[in-house]
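Trainee: Note that our numbering has the first sequence beginning at 2, numbered continuously upward.
Ideal Cβ positions, reconstructed from N, Cα and C, are used throughout, including at glycine.
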Amino acid sequence: MAKEITGREENYSQWYNDIVKKAGLAENSAVRGCMVIKPYGYAIWEKMRDQLDKMFKETGHVNAYFPLFVPKSLFEAEEKNAEGFAKECAVVTHYRLKNDPDQPGKLMIDPEAKLEEELVVRPTSEAIIWNTYRDWIQSYRDLPILINQWANVVRWEMRTRPFLRTAEFLWQEGHTAHASKEEAIHEARQMHDVYATFAEDFMAMPVIKGFKTESERFAGADDTFTIEALMQDGKALQAGTSHFLGQNFAKAFDVTFSNDKNENEYVWATSWGVSTRLIGGLIMTHSDDEGLVLPPKLAPIQVVIVPIPKPDEALIEKAQEIADSLKALGISVKIDTDETKRPGFKFAEYEMKGVPVRLGLGKRDLENKTIEVARRDTKEKMSIEIDNIVPYVEQLLIDIQTNLFNRAKNYRDNHITQVENFDQFKDVIENKGGFVLAHWDGTPETEDKIKEETKATIRCIPIDAPEEHGVCVYSGRPSNKKVLFAKAY
RNA sequence: CGGGGCGUAGCGCAGUCCGGUUAGCGCACCUGGUUUGGGACCAGGGGGUCGCAGGUUCGAAUCCUGCCGCCCCGACCA
Numbered sequence: 002m003a004k005e006i007t008g009r010e011e012n013y014s015q016w017y018n019d020i021v022k023k024a025g026l027a028e029n030s031a032v033r034g035c036m037v038i039k040p041y042g043y044a045i046w047e048k049m050r051d052q053l054d055k056m057f058k059e060t061g062h063v064n065a066y067f068p069l070f071v072p073k074s075l076f077e078a079e080e081k082n083a084e085g086f087a088k089e090c091a092v093v094t095h096y097r098l099k100n101d102p103d104q105p106g107k108l109m110i111d112p113e114a115k116l117e118e119e120l121v122v123r124p125t126s127e128a129i130i131w132n133t134y135r136d137w138i139q140s141y142r143d144l145p146i147l148i149n150q151w152a153n154v155v156r157w158e159m160r161t162r163p164f165l166r167t168a169e170f171l172w173q174e175g176h177t178a179h180a181s182k183e184e185a186i187h188e189a190r191q192m193h194d195v196y197a198t199f200a201e202d203f204m205a206m207p208v209i210k211g212f213k214t215e216s217e218r219f220a221g222a223d224d225t226f227t228i229e230a231l232m233q234d235g236k237a238l239q240a241g242t243s244h245f246l247g248q249n250f251a252k253a254f255d256v257t258f259s260n261d262k263n264e265n266e267y268v269w270a271t272s273w274g275v276s277t278r279l280i281g282g283l284i285m286t287h288s289d290d291e292g293l294v295l296p297p298k299l300a301p302i303q304v305v306i307v308p309i310p311k312p313d314e315a316l317i318e319k320a321q322e323i324a325d326s327l328k329a330l331g332i333s334v335k336i337d338t339d340e341t342k343r344p345g346f347k348f349a350e351y352e353m354k355g356v357p358v359r360l361g362l363g364k365r366d367l368e369n370k371t372i373e374v375a376r377r378d379t380k381e382k383m384s385i386e387i388d389n390i391v392p393y394v395e396q397l398l399i400d401i402q403t404n405l406f407n408r409a410k411n412y413r414d415n416h417i418t419q420v421e422n423f424d425q426f427k428d429v430i431e432n433k434g435g436f437v438l439a440h441w442d443g444t445p446e447t448e449d450k451i452k453e454e455t456k457a458t459i460r461c462i463p464i465d466a467p468e469e470h471g472v473c474v475y476s477g478r479p480s481n482k483k484v485l486f487a488k489a490y
């Protein structure tokens, strides 16, 4: 029994915090709103990062690194972008401290060391990057530029939650430059697809692909593509966005190129990002009241072998043999050789940490030539012939990955509700939760009103939303497609 | 920034209203022993400027004043 995790029914928010803490993913730090990502949590991020990085490279991108600081004058160049982020910027104003003459042992900001120009700690890097691209781009032959960076950014949010919203977070941001609008849109959509594939195939987290409405769009974008996932409490999570930036940044930073007719044109841009927020999504998609549940493809430890009742030479030897065979197939295995903890404790511990497969190997097993297999997703246990264990586990990991996706997708699909009027709308948002598909008249005013009255926002206009004539659930005005609403993180 | 709550051992808390021996409990930790197929048990032990600074008092974790920090709920947001 997981005696330390708050149940989801009892307090979902507390459940989430308990998992983050008890599974050893992260903890609060001395800095308001900033978390310490612990080794196990960071290992998950590394798995995500490695896979995404591979996918970016397969689509022709390269990595680079730009500065953490953005001079205020550059930051404010693209007005909408600046305005959108202004309220949450950390700003560096001085570059030196000195001893405080009034308080021995204390430091104070040295007023002599005020910066000529304040530096904004990047909340996103379009400004510094496009200021750089101006110097890199002269001709259409310099295009496209397909760069990604792995970085930290800072957004001084008022309320923070581990992984879901922290003042500093880790992410990747792709920033591409193109000679044509079509090519830039194609790029933005391609990365949108990459994110969806990553979410579904690796995180086993089903997502809905769509466009953001104007009011939900990235500040400075002409179009924002999003992937939206559904969490177990019925709230939506924006899991990744890809933006078509038009020529907004090229105009703000005067980035032009000569086309093949020797005419000067502004460069077309995209940017796209996913962050450590994905870990929050991963937790809330699969985990249960016993702890974290990880999809095998992202689990730092895929298989743990627990010697029962405690490690001895014969058990370790057999465990090592199995581990070696599994490792040869690219499966990550840990043998728990800790002699100070009993098996029951270890079982609970690995369940808490979401290890997909646990093998219990005891003396009785050695005699019977069997081994106990426990899968984390269903909590089933079975006894398997030890000679067949390697192919069995190999297949089981695939099955668990599939099962997690199907389970999440079932839940998600059962929580997409089509409604025809506002009473239904409110009822579903209030009582059932999840996504609501409803007609919308296309105006920001209606969007605002609905948000005010229900807390639900338009998560996206689904990319595959069929044309169907109807009337807006709120205003009664005509609409030609249904859009996706939900309360969101 | 509004509304609530809280700072006492690494963690979680009691004690504070109504001041008074040596500040206590659970978990964790250390030592020894017995255990061991789902979070073992017994015995012993170590660990505290009671958030900080003043004040009242013979005496302050407890009362007063000021400050600092954190958490939760809202507005803002990936």
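1. Cβ atoms of L295 and G241: under 8 Å apart, would you say?
2. Put N422 into one of helix, strand or coil per three-state DSSP.
3. Please name the residue, chosen from L147, L120, D313, V334, that lies closest to V155 on a Cα-to-Cα basis.
4. Please report the distance separating the alpha-carbon of S126 from that of N82.
5. Less than 8 Å between the beta carbons of F406 and V437, yes or no?
6. To the nearest angstrom, how far is the alpha carbon of A251 from that of R142?
7. Give, in chain order, every unbroken run of the alpha helix (DSSP H) that is at least 4 residues long and sits entirely within the region 181-250.
8. Can you list, in chain order, the stretches of the beta strand (DSSP E) that have 3 or more residues and sit fully within the region 256-340?
9. Would you report the Cα separation of T214 and D290, rounded to the nearest angstrom?
10. Where do the N-terminal and C-terminal ends of the beta strand (DSSP E) with W157 fall, by residue?
11. Return the first residue and the last residue of the alpha helix (DSSP H) that G345 is part of.
12. Do G8 and L26 have their C-beta atoms closer together than 8 Å?
13. Can you tell me whether P392 is helix, strand or coil according to DSSP?
14. Beta-carbon separation of I228 and Y196 under 8 Å?
15. Do you know how far the Cα of Q396 is from the Cα of V304?
16. What residue from K342, R50, A329, L293 has the CA that sits closest to P310's CA?
17. Starting from the N-terminal side, write out each stretch of the beta strand (DSSP E) that is 3 residues or longer and does not extend beyond the region 69-143.
18. If I follow the unbroken alpha helix (DSSP H) through N18, where does it start and stop?
19. If contact is defined by three or more beta carbon pairs under 8 Å, each pair taking one atom from either stretch, is the region 401-420 in contact with the region 187-207?
20. Beta-carbon separation of Y490 and K88 under 8 Å?
21. Which same chain residues, not among the five before or five after V256, have their C-beta less than 8 Å away from its C-beta?
22. Roughly how many whole angstroms lie between the Cα atoms of T418 and V429?
Mentor: Taking the geometry as given:
1. no
2. coil
3. L120
4. 11 Å
5. no
6. 17 Å
7. Qualifying alpha helix (DSSP H) stretches, in chain order: 182-198.
8. 257-259, 265-267, 269-276, 304-309, 334-336
9. Their Cα atoms are separated by approximately 36 Å.
10. From DSSP, W157 is part of no beta strand (DSSP E); its letter is neither H nor E.
11. 344-353
12. no
13. helix
14. yes
15. 12 Å
16. K342
17. As far as the region 69-143 is concerned, its whole beta strand (DSSP E) runs of at least 3 residues are 70-72, 92-95, 98-100, 108-110, 115-122.
18. From DSSP, the alpha helix (DSSP H) with N18 extends over 13-23.
19. Per the Cβ contact rule, the region 187-207 is in contact with the region 401-420 (3 or more Cβ pairs under 8 Å).
20. no
21. W131, Y134, R135, I138, A178, F250, Y267, V268
22. 8 Å
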